[in-house]
Each structure stands twice: as C-alpha cells, then as structure tokens.
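> My questions will all concern the structure given below.
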Amino acid sequence: MHLHSTFLKLIFIILPLCCSSFFSYAKSDITFANFRDIRDLNPHLYSGEMWAQNILYESLVHYNDDGSFTPWLAESWAITNNGKTYTFKLRKDVSFSDGTKFDAHSAKLNWDAILANKVRHTWLEMVRLITAINVIDDYTLQIELAEPYYPFLIEIAVTRPMRFISPNSMIDGGTKSGVKSYIGTGPYILAEHKKDQYAIFTANPNYWGTKPKIDKITMQVIADNQSRLMALEKGEIDLIYGKNMVDADSFERFSALTKFQALMSKPVSSRIVLMNTTKPGLNDVNVRRAIEHIISKDDISQGIFNGSEAPADSLMANNIPYADLKLKPYQYDPKMAVTLLEQAGWLIVKGQEYRQKDGKPFEITLYYDSNTASQKTIAQYMQDEFAQVGLKLNIHGEEEQGYRDRQKAGNFDMVFDISWGMPYDPQSFLSGMKLPVYGDYMAQQGLSEKIKIDTSITKALISTDENERQALYRYVLETLHNQAVYIPLTYERNRAIAIKSLQGIEFAPSQFDIPFDKMYFE
Amino acid sequence: MLNYIIKRLIMMIPILLGISFIAFILINLAPSDPAEVALRVNEIMPTPDAIISMRQELGLDQPFFYRYICWLYNAFQLDFGKSFIHRDRLVWDEITRSLGPTLILALSSFIFILLISLIVGILCAIFANSLFDYMIRIIVFVGTAMPSYWLALLLIWFFAGYLDLLPTNGYGTWQNLILPTLTLSFVYIATYIRFIRNNMIENMQDYAIFYARCRGLKGHTIILKHVLVNSLHTTITALGMSIPQLIAGSFVVEYIFSWPGLGRLCITSIMNRDYPIIQAYILIMALLFVSCNFIVDIIHQIIDPRMRERSGS
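As structure tokens, this is what we get:
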C-alpha cells in the first residue's frame, strides 16, 4: 500500500513536469513555398534566389528601413578624401561556416573576384568607380573610388553581388566561372538541395550574431499559385511570402480565415504605364496630360486589387528617399482631359467614333505581358476609359521576352513598367533611364529635357552635398511628372500569408528578402 | 521482316537529321537575342558590353553552320552543352534528371489508362445502351471536354483538401503519384473507352461473330477471343503513340503538382529562350515519337498477316 501511494505521488509529480515540457515545446522549423528553385547561389552572380543568398551571405553594412546604415560584418567605417575613400574596420569574431576566418584578406579576395567580372555588374555604378581595394591590416579594408558616390553604402548592402563567400568555395581564386560550394558567414547554411523540388537550410551553429529562433527552413518548390494556396490551407506549408505569390482575391480570402494571418508591407515599388514621347499623338504633352486625367487610380486600386495596392500619385512613393516632393497629382478628371485634347487639336468629328486631327483618328496601342493577369485587366479598363473621351486604345498581350525586346527597341506607344523598389529606388532605377537598355530611355527621347535629365541623374549620384542632391532629384522627378511620361497606377506591396502561430513576420527594406531570422513560433 | 526493320531504321536517320536542323535553326529565327535574354533572365543589365561578352561565352559569335556541325557532333556523343541561363548546368544532366520523374508519371498513367479503358470499354460494349453505358458516356463526354488544369485543381481540392487523403503536390512517394496520374490519364481514358466500345460494337455485328454464335461458342469466348482481338488493332496504334504523347504532354500536370519533370523543364526553357535545352528536348522527343511509331508498326506486322503481305515482309 505504501509503495502504491509513493508510486502515485511520483506520477503526480512527474506528469505535470512532462506535460509542461510537452506543452512548452515550440515548433522551430518552417516550411514555405517558393515558385521556383533556389538555383545557383553564387553570391557574386544573379541567377540564384535573393532570399536564399541573403540568409547565407552577409555584407559589410546593413541597410535599414529608414535609409540609415548599421554595422554588420564591418563594426565601423569612415568616409574620407571628400567621399572617395571608405575605410572599414571588420569584426574579429566572424568565420565562414566551413571554419575559415573572415578578415580583410578574404574580403579583398571576394571583391577582387567581383571586379574580375565587371561587365556583369555595370548596373551598379559603384563597381565602375572602384579604383583600389587595399588591405591595411588583417581587419581593416580600404576602398578607393574614382569619384565620390553617395549610394556606395547602399550598393554594398544589397543582396548581390558585394557579399562574401568562403575562399575555399572559389574556383581558382574567383567566382566568375562558378563556385564549389555555397559557404557564407550568414545565420543559415544550405544543408540539402534537390533541384526543382526542395532546399533545406539549417541554422549555422557557429554564427557570430544573434542565433535565429527558427532552426530549419524547408523551401518547397510549388510553381502554381492555386496549388500553393491549397498546400497552405492543408497545412503542408506554413508560409507564402512575396509580391507576386498571392493574388488580391486570395489574399482577401485568407485574411478572413481565423487559422491564418495575411500581412502586407509598406509600398515597395511603383506600378506604372510608360508613354513613348516620340510616337505620334503622344509626342504632345497635352495629350499625355489628358491621358493622365482619364485614369482613375482609385478604381484600379479598389476594383482590380481590392485595395491591396494603394493608388499612386507620383512615379515614386513618398517613403522612397528624396521622393517626398509633394507634387500635384493628376486627378481623375475626364472634363479636363477633353479640354486638353481639344487644345491639342484632337476634335470630335461628326460621324466618326474617335477624335481626329488633320483627318486622322487617334489610335495608339498599349502592350502588356500576357503572363500577368493584372496587366491585362488594367489594359481593358484603360481601353474603356479611353473610348469614353473618344480615343482609341488597342491592347496587345505578348509573351514576356518578346515584350521586353519591344521595350528595349522603343517599338511601343505605351507599356507597363515597374520601379525597382527599395533600396534600389531612386538611384538605380533613375540611373537605368540613362542607358538604352530599358523602355524608359526610348520613351524619354521625345523630351527636350532628356539630356538635362540624364546629366542631373549623374550629378546626383556623385554629389556630396545633400541639398544639391535633393535639388537634382527634384528636377528629374518633377520634370518627368510635369511632362507626363509615366502614369503612376498603384504602389505595389509585399505580401505574406502564414499560419497563425508563426510570429515575427516582417518585411525587409528590399522586397526580395525574407527576414527568417526574425520569425518564431508561438 | 528483317529487311523491313532495317529499311525503317535507315529511314529514321534523315528524319532525325531534318528535325535536328529545324530545331537548331530556331535559334536564328527567333526575334530575341539569346545572349540578351540570358542576361535579362539573370537580372543583369543587358548593356552592349555585357551582350557582346555573353555572346562570346555562349559561342553565338561563331558562324551558323560551324555551330550546327559542332552541336550535332557533340549531340551524337550525348553532349548537348550547357544551359544558356544556368551556366553551371549541363543540358544532358538537366534532361536526364527531369526524364526520370516524367517516365514514372507516363508509365503509371499508361498502365492506368490501359486497365481502365479495357475494362470499362469492354463492359460498355457488352452492356451497350444500358444505364451503365449511358453513365460512362456522360463521364467520357465531360472527360474529353474538361481542361486538365481544372481537373487537377478539382482533384486536389477533393482528395487532398476535403478528404485529406493525399498530398496536394510534391514528388518522391507513391501518394504523390496518384493525383497527377489520375489527371494525366483522364482524357486518354475517356478517349479510349469510346474507342474500344465503338470498335467492339462494330465487330459484334460482323458475320464472323454471328457465325461463332451459331457454332455455339460461349459468350465470353466470343467477346475476348474474337471481338476484342479484332478491335484492338487500331487501339494498339493509338495506345502506342500515346506513350510519347504522355511524356511530351505532361507540362500542365507537372506544373500544378510540382512534379520535377521534362514538361516543366521544357516550358521554363521556352519562356527563358534556353536554346540548348529546347534543341535537346526537340531531338529527344522526335526520337521517342519515331521509335514508338516504329515499334507500333512492328507489333502490327507481328499480329496482322495482312500488314506483312502489304509491306512485302
């Protein structure tokens, strides 16, 4: 009897302990779906998934939401020689996940490898400007530039290419022809990868920084949007994350489900329509302004995106650096549009369906990427709005690569476009306008201010005076706004849908990153 | 017979050479510059310098016929070069890696098609114009009309979501195989049931069958030995050709069920203008279609003496 009661007591003591440890167990692995494979994660090239490169490799500095910088692999830095010399003091407690020490020598080796493939990185002005990379001592790295360049820190902070891979992963001391393995200093290591099926990342046990609460990240490739949502609903995955991973209707549906949470970021990039100023009809600023007045951004935002994308008043959202210019937006005002069209000589002729000038009816074409459902819907909406003021808008869907070729060749009246998003806006997006590789360059050729726009962009990038830089950006953005080259439609936002117990879901400054290190399960 | 086989094998060579040339010429006919697309897909700004460098890297700066001969010579050794988009990937590795999952899916679908179409087709012929036959005809009608992506989503919703019996997508276990197989097979099953049923009903009205009945042969002997065997000739041709069709036409199913197969690889390569993969895919598919056609013809020669007489073998 005594033994029996002792046994019972023991059970009463042990059972709550077991229960408490059982119930306090929190899930520490996350499964999320991506629309494609991680591909080549060489940090110095561009074909890999950015979110994966971001958790494997680190940068010298960290770019914050508010545009400031905090130390990362560099614990401090100094800018001297009138903005032409950057000296970084590196952390001394960092190793690559294969045990190799991270120091000024391995950092230089990495950046030398990037510069050996310069032609691939010309979209970063900074790569062109670097004249020397010097190792001052084991933990001091110095970069010299040909000219001062204010976005230097932004460009070394972005996910690629200025991040660091273990020298042991390099092939013949370089990364141009590929790498042997994906070894970085980041919070995760790539543990397993089955091409086009899944990739598993596990926490780096020797990570120098704060260890993430999620121990294991499993990425499943699920290409189809509907399949992804069904997998989430069934509990096969915990998270869907990304700008184009969830359509507006599904986002709204999941927002209403108690088992899930649906989150949205601040505006990350601008959805725009680009008007070619060299084309007949559109070469008149009054016609372009009239077109601005017949597009209701509110209707697009509410009717097509269920309010998940905010109406856009200007080319860049106010939260983009240097873009809070309080420009007067083009309001939806068809009467004003009619007045402007009549001023431009496009008149209604009895018996004719569309407005005419010099005996020719107004007719232009808007091209869209046929793989993007929202572009087609917006194009159809615009076609209807055009017809209501007597303008003919043809709409033409094309397969993506053909559509891109058309943009580059300038063979369009109107096309859809998108800004690059933070942290590439405004500097990289505007810098791209100077080169004949995107539709922007061709579309702006009809502007008498084009040369001044390009020189202003160049000057803004090398200016060391904050006020001068702001004035130059103001000139560029104001001119493009007044000349009505772009129709800003909506500001895109990043989206995430997850199971309720997943906490700490945040949006990074770059729309392509997924901050897994902040996530945890309740 | 041996002469016939040799003759057919020799005929395959110019056909495959012609297809290989057409596949290769695509690269020159396409409006997009593959070097530029390769840069764009990899999110590299396609500046003139970058395009020149990429053209050199991809070997596009060489004369067309030189490139074709080199490609053909290497292709004979199963070396199709590297992907234009993912420079670290060999085309042959990509093809073989994707071919396995597609073959598994095609084979399981083929077996499923064969079993279901034969059983249901025979039953429909035996019980022609019965309630069962009408029901099947309705299903067949719906089956041939329903797009496979829609069917796939319905199956996922019902079996994976509502009943919670199977995974929604993925690859690696037998459970993963069920829904893609059902989706891929459905249209074929619908077609073959109608095919077998109609052929059998037609053959049942033949004098030979009437004579067999008069001879007092049992019903199942007549159906299986006389009606079915005579009805299978055209079905064998169709079924034989359905193997390459199953392999080449699995894209939608592979996309929705995240099946890492050849269809997905091919469509992704087309979207990205990854010509080395497209060229290899076309050549391999052509070889598959020509070989299946050849095998079906040989089977016909074996089972049908009239065909042997016609071909003089």
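Residue numbers (our numbering), protein chains in the order written: chain A, 56 to 577; chain B, 877 to 1189. Here a beta-carbon is modelled for each residue, glycine too, at the ideal position from N, C-alpha and C.
Quick check on the DSSP output: the beta strand (DSSP E) that includes residue 295 of chain A runs from which residue to which?
Position 240 of the first sequence, counted from the start, is the residue given in the question as residue 295 of chain A. Here the beta strand (DSSP E) through residue 295 of chain A covers 294-296.
> Going along chain A, which residues have a C-beta under 8 Å from residue 1037 of chain B?
As a first step, residue 1037 of chain B must be located in the second sequence, where it is residue number 161. Near residue 1037 of chain B (Cβ distances below 8 Å), the residues of chain A are 285, 288, 289.
> For the structure I just gave you, are there three or more beta carbon pairs, one from the stretch 519-537 of chain A and one from the stretch 550-563 of chain A, closer than 8 Å?
no
> Name the DSSP beta bridge partners of residue 491 of chain A, please?
On the first sequence, position 436 is the one that residue 491 of chain A refers to. Bridge partners of residue 491 of chain A: none, in fact.
> Can you tell me which of A:201, A:229, A:572 puts its alpha carbon nearest to the alpha carbon of residue 136 of chain A?
Counting from 1 along the first sequence, the entry for residue 136 of chain A is found at position 81. Taking only the C-alpha atoms, the option nearest residue 136 of chain A is A:201.
> Between the C-alpha atoms of residue 443 of chain A and residue 453 of chain A, what's the straight-line distance to the nearest angstrom?
What you label residue 443 of chain A is simply residue 388 of the first sequence in a count that begins at 1. What you label residue 453 of chain A is simply residue 398 of the first sequence in a count that begins at 1. Note on geometry: alpha-carbon atoms of residue 443 of chain A and residue 453 of chain A lie some 26 Å from one another.
> Compare the C-beta of residue 101 of chain A against all C-beta atoms of chain B and say whether one is closer than 9 Å.
Counting from 1 along the first sequence, the entry for residue 101 of chain A is found at position 46. Under the 9 Å criterion on CB atoms, residue 101 of chain A is classed as interfacial with respect to chain B.
> Taking Cβ-Cβ distances shorter than 8 Å, what residues in chain B pair up with residue 498 of chain A?
One-based indexing of the first sequence puts residue 498 of chain A at position 443. Simply none; closest approach about 17 Å.
> Straight-line CA distance for residue 1185 of chain B to residue 1177 of chain B?
In the second sequence, the residue the question calls residue 1185 of chain B occupies position 309. In the second sequence, the residue the question calls residue 1177 of chain B occupies position 301. Answer to the nearest angstrom: the Cα atoms are 9 Å apart.
> Within a Cβ cutoff of 6 Å, which residues of the same chain sit near residue 518 of chain A, ignoring the five residues on either side of it in sequence?
Start at 1 with the first residue of the first sequence, and residue 518 of chain A comes out as number 463. If we look at residue 518 of chain A and ignore the five residues flanking it on each side, its Cβ neighbours are 524.
> Here's the rule I'm using: 16 or more other beta-carbon atoms within 10 Å means buried, otherwise exposed. How should residue 567 of chain A be labelled?
Here residue 567 of chain A corresponds to residue number 512 of the first sequence, with the count starting at 1. With 16 or more Cβ atoms within 10 Å of its Cβ, residue 567 of chain A is classed as buried.
> I'd like to confirm the pairing. Which residues does DSSP put opposite residue 476 of chain A in its beta bridges?
Your numbering for residue 476 of chain A matches position 421 in the first sequence. BP columns for residue 476 of chain A are empty, so no partner.
> Residues of chain A with a CB under 7 Å from the CB of residue 1132 of chain B: which are they?
Counting from one through the second sequence, the residue named residue 1132 of chain B turns up at place 256. Going along chain A in sequence order, the residues near residue 1132 of chain B (Cβ under 7 Å) are 279, 282.
> Taking the alpha carbon of residue 349 of chain A as the reference point, which residue from A:157, A:145, A:386, A:214 has its own alpha carbon closest?
Your numbering for residue 349 of chain A matches position 294 in the first sequence. Of the listed residues, the one whose Cα sits closest to residue 349 of chain A is A:386.
> If I measure Cβ to Cβ from residue 841 of chain B and keep anything under 6 Å in the same chain, skipping five residues before and after, which residues do I get?
Residue 841 of chain B lies beyond the range of chain B shown here (877 to 1189); nothing can be said about it.
> Please confirm whether residue 1032 of chain B has its beta-carbon closer than 9 Å to some beta-carbon of chain A.
As a working note, residue 1032 of chain B is residue 156 in the second sequence. It does; some Cβ of chain A falls within 9 Å.
> Could you check if residue 556 of chain A is buried or exposed, using at least 16 other CB atoms within 10 Å of its CB as the buried criterion?
Translated into the one-based positions of the first sequence, residue 556 of chain A becomes position 501. Answer is exposed; the Cβ neighbour count stays below 16.
> Of the choices A:577, A:122, A:560, A:312, whose alpha-carbon is the least far from that of residue 320 of chain A?
Along the first sequence, read from residue 1 onward, the residue named residue 320 of chain A stands at position 265. It is A:560.
> Measure the CB-CB distance between residue 1107 of chain B and residue 1072 of chain B and report whether it falls below 9 Å.
As a position in the second sequence, residue 1107 of chain B is number 231, starting the count at 1. As a position in the second sequence, residue 1072 of chain B is number 196, starting the count at 1. Yes. Within cutoff.
> Give the range of the alpha helix (DSSP H) segment to which residue 39 of chain A is assigned.
Shown here, chain A extends from 56 to 577; a query on residue 39 of chain A therefore has no answer.
> Under the rule that 16 or more other beta-carbon atoms within 10 Å means buried, what is residue 76 of chain A, buried or exposed?
Against the first sequence, residue 76 of chain A aligns to sequence position 21. Only weak support is given to the placement of residue 76 of chain A: the predicted model assigns it a pLDDT of 43, under 50, and the value that follows is read from those uncertain coordinates. The residue in question, residue 76 of chain A, is exposed, as its Cβ has fewer than 16 Cβ neighbours within 10 Å.
> Kindly identify the DSSP beta-bridge partner or partners of residue 540 of chain A.
If you number the first sequence from 1, residue 540 of chain A lands on position 485. Beta-bridge pairing links residue 540 of chain A to no other residue.
> If we count Cβ pairs, one from each stretch, closer than 8 Å, do we get three or more for the stretch 540-547 of chain A versus the stretch 326-340 of chain A?
yes
> Is the stretch 258-275 of chain A touching the stretch 81-92 of chain A, taking contact as three or more C-beta pairs under 8 Å?
yes
> State buried or exposed for residue 78 of chain A, treating a residue as buried only when at least 16 other CB atoms are found within 10 Å of its CB.
Residue 78 of chain A sits at position 23 when you count from the first residue of the first sequence. Unreliable placement is indicated for residue 78 of chain A, whose pLDDT of 46 sits below 50; the coordinate value is still reported in the next sentence. Classification of residue 78 of chain A: exposed, given that the 10 Å Cβ count is below 16.
> Should residue 974 of chain B and residue 1093 of chain B be called a contact, given that it needs their Cβ atoms to be closer than 9 Å?
Within the second sequence, the letter at position 98 stands for residue 974 of chain B. Within the second sequence, the letter at position 217 stands for residue 1093 of chain B. Not a contact, by the Cβ cut-off of 9 Å.
> Along the chain, which unbroken stretches of the alpha helix (DSSP H) at least 4 residues long are found entirely within the stretch 1004-1040 of chain B?
1007-1021, 1024-1031
> Do we get a CB-CB distance below 9 Å when we pair residue 1079 of chain B with the residues of chain A?
Residue numbering aside, residue 1079 of chain B sits at position 203 when the second sequence is read from its first letter. No, its Cβ sits nowhere closer than 9 Å to a Cβ of chain A.
> Following a CB-centred definition, is residue 98 of chain A positioned closer than 8 Å to any heavy atom of the ligand SAH?
Judged by which ligands are present, the structure shown has none, so any question about the ligand SAH falls away.
> Quick check: the Cα distance between residue 459 of chain A and residue 1030 of chain B, rounded to an integer number of angstroms?
Within the first sequence, numbered from 1, the residue matching residue 459 of chain A stands at position 404. Within the second sequence, numbered from 1, the residue matching residue 1030 of chain B stands at position 154. Each residue's Cα considered, the two are about 35 Å apart.
> So, with DSSP's three-state summary, where would you put residue 132 of chain A?
What you label residue 132 of chain A is simply residue 77 of the first sequence in a count that begins at 1. Strand, per DSSP.
> Straight-line CA distance for residue 1125 of chain B to residue 281 of chain A?
The residue you call residue 1125 of chain B lines up with position 249 of the second sequence. The residue you call residue 281 of chain A lines up with position 226 of the first sequence. Computed Cα separation, rounded: 21 Å.
> Residues of chain A with a CB under 7 Å from the CB of residue 1152 of chain B: which are they?
As a first step, residue 1152 of chain B is located in the second sequence; it is residue number 276 there, counting from the start. Chain A residues near residue 1152 of chain B: none, gap ~15 Å exceeds 7 Å.
> List the residues of chain B whose Cβ lies closer than 7 Å to the Cβ of residue 252 of chain A, in chain order.
Counted from its first residue, the first sequence places residue 252 of chain A at position 197. Neighbours of residue 252 of chain A on chain B, chain order: 1047, 1136.
> Going by alpha carbons, who is nearest to residue 475 of chain A out of A:493, A:269, A:461?
Along the first sequence, read from residue 1 onward, the residue named residue 475 of chain A stands at position 420. Of A:493, A:269, A:461, the residue nearest in Cα terms is A:493.
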